[in-house]
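Residue numbering for the sequence shown follows numbering that gives the first Met the number 0, starting at 0 and increasing by one per position.
Using N, Cα and C, we set each Cβ at its ideal position, and we do this for glycine too.
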Amino acid sequence: MTTGTPRKLGLANRSSNYGDREFALYLRRSFAKSMGYSQAMLDKPVVGIADTASDYNNCHRTVPELLEAVKRGVLAAGGLPLAFPTVSLCEPSLNPCSMHYRNLMALDTEAMLAAQPMDAAVLIGGCDKTVPAQLMAAVSAGTPSVMLVTGPMLAQAFEGERLSACTDCRRYWAKYRAGEVTEDKIATIEGKLATTAGTCGVMGTASTMACIAAVLGFMPLDAASAPAVHADRLRIAEEAGAQAVRLIQKPMPPAALVTVESVENAMRVLLSLGGSTNAVVHLAAIAGRAGVTLDLARLDALSETTPVLVDLKPTGEGYMEDFHAAGGMRALLWELRDLLHLDTPDLDGTPLRARIGDGSHFVDRKIIRARETPISPVGGIVILRGSLAPDGAILKRSAATPALFETEARCVVFDGLEDLANRIDDPALDVTPQDILVLKGAGPRSPAGMPEAGYLPIPKKLARAGVKDMVRISDCRMSGTAFGTIVLHVAPEAAVGGPLALAETGDRIRLSVKDRRLDLLVDEATLAARRAAWQPAPAPARGWDRLVHEQVTQAPLGADLAFLRPPG
Ligand code: FES
Ligand code: MG
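Structure (structure tokens):
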């Protein structure tokens with residue numbers, strides 16, 4: 000065994016423990032040998048692979064076979080693949096919510112990327128919080144990293160239509176609440192909503208983040224939408240392994256892909272997809288790790304000049320498999336090319352212009368519209384500000400009811416998720432279809448951890464009377480697969496004493512999408528008295544909850560932990 004000068008690459012990388020570099024290397028190699036690797040293998044540069052398989056994570060069911068394909072790609076290209084487990088987050092499986100743990104996964108992944116000897120990495124993710132967590136981690140660790148998503152599930156034929164998670168989950172659940180769907184049918188549908196491996200099949204958060212990761216350059220454009228169970232997905236995984244080895248020869252630091260220009264491209268893509276509102280928070284967090292501020296005013300301005308072109312649920316009709324077959328990201332970016340910064344590089348250093356190609360690709364216009372015939376001439380998301388949201392709030396207008404865009408009404412306030420659950424269906428609840436529903440105490444610093452509860456249910460008695468939508472306002476998020484006139488991410492949140500904390504049932508609120516305003520119409524003296532009486536909730540005693548409470552930033556900064564952002 001050679002224990003001479005430390006090599007630049009491979010298992011000898013970053014070994015300086017025990018205060019004796021040569022002994023450390025000797026020990027590491029002898030332990031690696033116990034795993035049965037030959038010396039020739041141990042001499043190769045190392046690609047670490049973040050393995051997020053978990054029995055709790057259905058969206059990552061294919062990770063074991065993806066891992067094998069990545070390893071194949073790494074080996075064939077001359078590297079040694081070494082997989083390691085990290086935190087894995089599945090959207091519906093976590094308490095209080097997955098968002099509460101996104102930063103834990105980011106911290107875990109960053110620490111393991113930095114601590115373990117590796118020269119490049121492949122990050123296997125997919126479900127909503129995993130891709131943002133991994134990109135945040137890669138940017139902070141500085142390890143050249145390829146993103147590999149598990150890919151979207153396939154839709155399921157059912158009684159003359161198709162179903163997929165999770166716009167259809169919400170659609171049918173709303174019908175069930177309204178008494179339009181029987182107990183038997185809703186039980187049958189439960190087994191038809193998610194029938195293959197992969198991430199939610201609509202343009203929800205997972206799909207939006209996959210498209211964003213692709214336009215940022217962390218993976219090929221086609222890789223954003225190839226179905227989870229298609230053989231192409233395994234070829235994409237194999238190529239991710241090969242790409243990681245290329246990165247060792249010609250490193251591209253992750254932060255170099257996250258610039259003011261590339262983040263603007265990502266915002267354009269988000270808007271033209273009619274993508275998930277959650278992506279705004281995640282993109283802000285990823286950008287923040289690279290020292291780039293996601294400017295909400297800029298996002299609002301871009302929204303005015305970015306058409307919605309992709310006809311997928313929840314905004315439209317199709318599913319991710321349709322988007323892929325219709326030409327996917329390449330076709331979309333071709334339509335948007337005059338709005339994009341075309342010099343932004345991918346991992347290979349290839350500029351976006353070259354990645355998009357020459358427009359000779361196939362496009363199915365039913366799913367990806369031409370610029371002249373958009374689904375909407377303006378983007379899906381707008382930013383609101385006003386006395387109720389001095390630091391901003393967000394509304395997905397493409398999934399909202401235009402008739403409610405200019406609303407001034409009395410509000411009915413729920414203080415936290417428990418209060419909401421206890422009272423929303425109470426037949427005695429004093430609520431009319433014209434009222435605005437407000438949920439406070441569910442932001443990033445609240446014990447709820449900014450869950451996807453912003454899609455407040457229509458009170459049962461109103462739902463049964465045929466009410467389909469109401470203005471709903473909260474400091475939390477909503478699922479990227481949801482729809483309705485829903486104002487989200489109100490900042491500052493109630494838990495830090497933002498104006499939302501002071502709103503009470505009976506107050507009047509004005510929403511104006513036209514003026515981008517969200518105002519609490521209560522006089523200053525009344526607000527001052529309420530402010531004086533306001534008490535913050537006690538801090539959690541210990542552990543992760545305590546760290547989140549002390550460090551979490553507000554939504555405009557991505558709800559990242561302050562100490563994980565770069566200094567300054
Ligand atoms: Fe994992 Fe939707 S629950 S992507
Ligand atoms: Mg989701």
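Proximity winner among the options, relative to residue i (alpha-carbon distances)
i, options, result
"Asp-425", "Pro-446, Lys-460 and Gly-391", "Lys-460"
"Val-551", "Met-251, Leu-563, Leu-499 and Leu-383", "Leu-563"
"Pro-532", "Leu-394, Ala-524 and Ala-462", "First, the amino acid is wrong: residue 532 is Ala here, not Pro. Closest by alpha carbon: Ala-524."
"Ala-535", "Ala-500, Phe-30 and Ala-212", "According to the sequence as given, residue 535 is Pro; it is not Ala. That would be Ala-500, whose Cα lies nearest to the Cα of Pro-535."
"Met-218", "His-281, Leu-134 and Thr-204", "Leu-134"
"Gly-77", "Arg-476, Gln-248, Leu-282 and Ala-265", "Gln-248"
"Leu-520", "Lys-513, Asp-506 and Arg-529", "Asp-506"
"Leu-598", "Pro-539, Thr-504, Ala-493 and Ser-37", "As shown, the chain starts at 0 and ends at 567. That puts residue 598 outside it, with no answer to give."
"Pro-131", "Arg-529, Ser-87 and Pro-537", "Ser-87"
"Ala-399", "Leu-233, Asp-118, Asp-342 and Lys-467", "Lys-467"
"Ile-382", "Leu-394, Glu-371, Glu-238 and Pro-373", "Leu-394"
"His-488", "Leu-526, Ala-392 and Thr-108", "Ala-392"
"Pro-306", "Ile-508, Met-266 and Arg-354", "Met-266"
"Leu-526", "Pro-498, Tyr-36 and Asp-19", "Pro-498"
Beta-carbon gap between residue i and residue j smaller than 9 angstroms
i, j, result
"Gln-553", "Asp-414", "no"
"Cys-126", "Gly-448", "no"
"Leu-93", "His-99", "yes"
"Gly-72", "Pro-151", "no"
"Thr-166", "Thr-480", "yes"
"Ser-587", "Asp-474", "Since the displayed the chain opens at 0 and closes at 567, residue 587 lies outside it and no answer follows."
"Ile-380", "Asp-299", "yes"
"Thr-304", "Leu-338", "yes"
"Met-328", "Ala-213", "yes"
"Ala-75", "Ala-241", "yes"
"Val-262", "Arg-476", "no"
"Gly-453", "Val-486", "yes"
"Val-268", "Cys-210", "yes"
"Leu-556", "Ala-284", "yes"
"Arg-471", "Leu-436", "yes"
"Pro-432", "Ala-173", "no"
"Thr-204", "Glu-90", "yes"
"Asp-221", "His-340", "no"
"Ala-52", "His-59", "yes"
Span separating the alpha-carbon of residue i from that of residue j
i, j, result
"Leu-24", "Ala-11", "6 angstroms"
"Pro-116", "Arg-169", "45 angstroms"
"Pro-376", "Gly-9", "51 angstroms"
"Lys-365", "Val-411", "41 angstroms"
"Ala-462", "Val-148", "38 angstroms"
"Thr-4", "Leu-79", "Low local confidence applies: a pLDDT of 37 at Thr-4 is under 50, so the model's placement there is unreliable, with the coordinate-based value given in what follows. Computed Cα separation, rounded: 20 angstroms."
"Glu-549", "Met-40", "45 angstroms"
"Gly-190", "Val-180", "15 angstroms"
"Phe-404", "Lys-513", "8 angstroms"
"Ser-33", "Asp-42", "15 angstroms"
"Val-309", "Ser-397", "11 angstroms"
"His-360", "Pro-344", "21 angstroms"
"Ile-367", "Leu-331", "7 angstroms"
"Asp-559", "Leu-282", "11 angstroms"
"Glu-158", "Leu-246", "48 angstroms"
Do three or more CB pairs link the stretch 181 to 199 to the stretch 224 to 231 at distances below 8 angstroms?
Contact holds: three or more Cβ-Cβ distances are below 8 angstroms.
Mind listing, in chain order, the continuous beta strand (DSSP E) runs of no fewer than 3 residues lying wholly within the stretch 355 to 411?
List check, beta strand (DSSP E) in window: 380 to 385 and 388 to 395.
Of all the beta strand (DSSP E) runs that stay within the bounds of the stretch 281 to 364, which reach a length of 3 or more residues?
Taking only runs of at least 3 residues, no beta strand (DSSP E) segment lies wholly in the stretch 281 to 364.
Indicate whether the contact test is met: 3 or more Cβ pairs, each with one atom in the stretch 307 to 325 and one in the stretch 265 to 285, closer than 8 angstroms.
Yes: the two stretches touch, three or more of their Cβ pairs being nearer than 8 angstroms.
Quiz: which residues have CB nearer than 5 angstroms to the ligand GDP non-hydrogen atoms
As for the ligand GDP, it is missing from this structure, which binds only the ligand FES and the ligand MG.
Completely contained alpha helix (DSSP H) runs for the stretch 208 to 269, where each covers 4 or more residues
Taking only runs of at least 4 residues, the alpha helix (DSSP H) segments lying wholly in the stretch 208 to 269 are 230 to 248.
Should the stretch 257 to 273 be called in touch with the stretch 284 to 293, which here means at least 3 C-beta pairs below 8 angstroms?
Segments in contact, yes.
Segment contact flag, the stretch 137 to 145 with the stretch 236 to 256, C-beta cutoff 8 angstroms, min 3 pairs:
Yes, the stretch 137 to 145 is in contact with the stretch 236 to 256.
Tell me the start and end of each unbroken beta strand (DSSP E) in the stretch 514 to 542 that is at least 3 residues and wholly inside, in chain order.
Contiguous beta strand (DSSP E) elements confined to the stretch 514 to 542 occur at 516 to 519, taking only those with 3 or more residues.
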